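Notes to accompany the following structure.
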Amino acid sequence: MGDRETHNHSEVTDFILVGFRVRPELHILLFLLFLLVYAMILLGNVGMMVIIMTDPRLNTPMYFFLGNLSFIDLFYSSVIAPKAMINFWSESKSISFAGCVTQLFLFALFIVTEGFLLAAMVYDRFIAICNPLLYTVQMSTRVCVQLVAGSYFCGCITSVLQTSMTFTLSFCASRTIDHFYCDIRPLQRLSCSDLFTPKMVSFTFSVLIVFPTIIVIIVSYLYIVTTVLKIPSTEGRQKAFSTCSSHLGVVSVLYGAVFFVYLTPDRFPELSKVASLCYTLLTPMLNPLIYSLRNKDVKEALYKLLEKKSTIL
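1493 is the number of the first residue of the sequence shown in our numbering; add one for each residue after it.
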């Protein structure tokens, strides 16, 4: 390939985000849909964090993890949604090189952190149900902080390595990213470098992230189900299963989409975009709804907060 056809990554000043390949008149509908979902993400996750921080009754390990989950959902959806909405109206649909690097780095950081945090949450439920007498010891404040800090550490290390590896590639004449945000696979499609090593490293990272956390989740749930089935009262079993069913639903949606996007052959770009919506917008929107509507303590804390606001007004 000639010099005019190939550009080194250092010469690239911006990229073009194609987004969804739909008719132009549908862009307004997509914009409104993204705006509605993003507004619900902001309202739900900010509301969840405020409720958890203001109600002393929610000062427990489970709600500490839920507060961090809301924080992560809020920020990594904010890395994706606003730029996608701007591009529905923009003619150029461009994103600067630095902006693309930042978007990929922050998205990778938060999505990997969420995977480890979800594993920590199911471990918390495992201790609460299977070893309730040791719960306060095994899930002390120090342990909870270490689990959250460890999740962020793993996310940061993975993000630094993946981002640096991706943007040291040489990009060919095309700078058009066939996605609605900067992601590893669409960027690799633009490269004229040898992709064997980067693809193997990306696949290895995905396996190292996804499978250990899935194993922790599956093993924990097996012990949880075994313990719950031994509970004599039907009400007790229903309460225990209700506590875990919300988390299991979130995990299934998130990991199912991640598995399809990152651990299957890169043959269906349009399907990958749709699957990406599950973890960029759908789960951040559903998490606060699921954990609040199905949680008696959160609903009572919300009512208490609303009553306090109404009395002040």
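A virtual CB, placed ideally from N, CA and C, is assigned to each residue, including glycine.
Bear in mind the structure is a predicted one, so any value in this text is a computation, not a measurement.
Look at residue 1587 here: in three-state DSSP terms it is strand.
Secondary structure in the segment 1546-1616: the beta strand (DSSP E) runs of 3 residues or longer, each lying completely within the stretch, are 1586-1588 in chain order. Residue 1619 and residue 1720 do not touch by the CB rule: their CB atoms are close to 14 Å apart, not below 8 Å.
In the DSSP assignment, residue 1506 is bridged to 1588.
Residue burial annotation: residue 1765 is buried, with at least 16 other C-beta atoms found within 10 angstroms of its C-beta. For residue 1723, the three-state secondary structure derived from DSSP is coil.
The continuous alpha helix (DSSP H) containing residue 1648 extends over residues 1633-1658.
Following the DSSP letters along the chain, one finds residue 1764 inside the alpha helix (DSSP H) bounded by residues 1761-1769. Out of 1505, 1561, 1542, the CA that lies nearest to the CA of residue 1778 is found in 1561. When beta bridges are read from the DSSP output, residue 1712 appears opposite no residue. Judged by DSSP secondary structure, residue 1772 falls outside any alpha helix (DSSP H); it is assigned neither H nor E.
With the rule of 3 Cβ pairs closer than 8 Å, the segment 1582-1591 does not count as touching the segment 1537-1546.
For the pair residue 1784 and residue 1685, the Cα-to-Cα distance works out to about 48 Å.
Residues 1537, 1776, 1779 of the same chain have their beta carbon placed closer than 6 Å to that of residue 1565, with the five preceding and five following residues left out of the count.
Look at residue 1663 here: in three-state DSSP terms it is strand. Residue 1575 counts as buried, since no fewer than 16 other beta carbons sit within 10 angstroms of its beta carbon.
Around the beta-carbon of residue 1638, fewer than 16 other beta-carbon atoms lie within 10 Å, marking it exposed.
Of the residues assessed, residue 1531 falls on the exposed side of the cut-off, its CB having fewer than 16 other CB atoms within 10 angstroms.
The Cβ-Cβ distance between residue 1525 and residue 1669 does not fall below 7 Å. Around the beta-carbon of residue 1654, 16 or more other beta-carbon atoms lie within 10 Å, marking it buried.
Shortest Cα-Cα distance from residue 1571 to any of 1773, 1599, 1588, 1690 involves 1599. Burial state of residue 1641 is exposed, judged by a 10 Å Cβ sphere holding fewer than 16 other Cβ atoms. In this structure, the beta-carbon distance from residue 1651 to residue 1601 falls below 7 Å. Per DSSP, the continuous alpha helix (DSSP H) segment holding residue 1677 begins and ends at 1676-1681. Within the model, the alpha-carbon separation for residue 1666 versus residue 1679 is close to 11 Å.
Each of 1772, 1554, 1523 was checked against the Cα of residue 1635, and the nearest Cα belongs to 1554.
Apart from the 5 residues on each side of it in sequence, residue 1567 sits with its Cβ closer than 7 Å to the Cβ of 1602 in its chain, given in chain order. Separation of residue 1759 and residue 1557 (C-alpha to C-alpha, rounded to the nearest whole angstrom) is 36 Å. Excluding the 5 residues flanking it on each side, residue 1796 has same chain C-beta neighbours closer than 8 Å at 1547, in chain order. For residue 1628, the enclosing alpha helix (DSSP H) stretches over residues 1627-1630. Closest option to residue 1793, judged by alpha-carbon separation, among 1519, 1513, 1550: 1550.
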